[in-house]
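Here the numbering used here = 1-based position in the sequence shown + 6. Beta carbons are placed, not taken as given, at the ideal position from N, Cα and C, and that holds for glycine. Since the model is a prediction, treat every value here as computed from it, not as a measurement. Scroll down for the structure; my scribbles are underneath it.
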Amino acid sequence: MRRAVCPGSFDPIHKGHIEIIARATALFDEVIVAVSTNYAKTYRFAESERIEIAQQTLSSLAGISVKPMGDGLLAEFCRDAGANAIVKGLRNVTDYQYEAPMAAMNRHLTGVETVFLLADNQYTHVSSTLIKEVHSLGGDISDYVPRAVLNRLNSTH
């Protein structure tokens, strides 16, 4: 079985994430969406909320599971989950420059390969940070987030 992990903080999950995850399901039998938490960062949504929102928005995709990544290394999470690949979306060369060293380290640590998928052009400028900023200033983000995310953001704004 070909199993991959799509990691991210997903704070919040947006249509760019969903597009990459959906494409990963065409390449792998199972895709684990690993919701990570960096305790040095401040999040809009708690880890449990991010998992719940991801489960809700990805429920129509076959072969998807959503799990907390925990405190350890991504490479170890992949090994423990029996995943042979990590899937990461790239919006631009800056993303690649950030991700490439981590991909090399993950391969060194456990042999897990990283598969990079280029973001669809309509999402190359989208990030969770930008979505939260535009929303907090009253901008319309409905083209970039699923309804469940928009509802949550509106209820906490």
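* Unbroken beta strand (DSSP E) run spanning V118, endpoints -> Segment: none, V118 is in no beta strand (DSSP E) and carries neither H nor E.
* Of the listed residues F51, S133 and A110, nearest to G95 (C-alpha basis) -> S133
* Output the residue ranges of the alpha helix (DSSP H) runs that lie fully inside the stretch 73–121 and measure 4 residues or longer, sorted by chain position. => 80–87 and 99–116
* Alpha-carbon spacing of S148 relative to T130, whole angstroms -> 16 Å
* Asked: V99: buried (16+ other C-beta within 10 angstroms of its C-beta) or exposed?
  -> exposed
* Asked: For S71, does the three-state DSSP call read helix, strand or coil?
  -> Looking at S71 - three-state DSSP - the assignment turns out to be strand.
* Asked: By how many angstroms is the C-alpha of V93 removed from the C-alpha of L123?
  -> 7 Å
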